[in-house]
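Shown next, in structure tokens, is the structure this report addresses.
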Amino acid sequence: MRRAPALLLLATLGASGVAAQTTSPTTPLGANLEQFNYPYPLHWFATQSQGAPVRMAYLDVPPSGKANGRTVVLLHGKNFCAATWQDTIAALATAGYRVIAPDQIGFCKSSKPGGYQYSFQALGALTRGLLEQ
């Protein structure tokens, strides 16, 4: 029982040391992730959607291995970026595929228009426009 106060004191001192540590300053990434570098060159698709001008950021990565003449389009879920596919893009490009990976409107480096109606139809139409350009 005599050790309990000493152990309590040590635990308190250890915890206060953790609380006193400072974290390193972070740089804000920006609303359009201006301070976040993508692993491949970024391209832009400018168009109109719902009466507003929008810009869709996308990656268009050529094959790094022997080209097989095929293209793969990688679509991310909401709250993810094209850069999330970095390892998959590398593997597909090495296997000879051209890889296209867009940032959907409203996410990551793409436009974020106010009052935009996000729907699968809108996102699908924009992706189709990108691929047909």
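Here our numbering runs 168 ahead of the position in the sequence shown, where the first position is 1.
Just so it is clear, CB atoms sit at the ideal spot from N, CA and C, and this is done for glycine as well.
Small disclaimer: the values here were computed from a predicted structure and weren't measured.
Between the alpha carbons of Y286 and Q218 lies a gap of roughly 10 Å. Counting C-beta pairs closer than 8 Å gives fewer than three between the segment 208-215 and the segment 234-249, which falls short of the contact rule. The criterion of a C-beta distance shorter than 8 Å is not satisfied by G282 and A261. The secondary-structure analysis by DSSP pairs S217 across a beta bridge with A220. Following the DSSP letters along the chain, one finds I268 inside the beta strand (DSSP E) bounded by residues R266 to P270. In the DSSP annotation of this structure, the continuous segment of the beta strand (DSSP E) that includes T239 starts and ends at T239 to V241. The alpha-carbon of Y226 is positioned some 8 Å away from that of Q272.
When the Cα atoms are used, Y206 and P270 turn out to be separated by approximately 12 Å.
For P230, same chain residues with a beta-carbon under 6 Å away, outside a window of 5 residues either side, are R266 in chain order. Going by DSSP, F288 is part of the alpha helix (DSSP H) stretching over F288 to E300. When the alpha-carbon of Q254 is set against those of S278, E300, A220 and D228, the nearest one is in D228. In the assembly as shown, K280 is an exposed residue. Its beta-carbon has fewer than 16 other beta-carbons within 10 Å.
Contact annotation: G264 and N247 have beta-carbon atoms that are not nearer than 8 Å. Rounded to the nearest angstrom, the Cβ distance from T239 to I268 is 6 Å, consistent with a contact under 8 Å.
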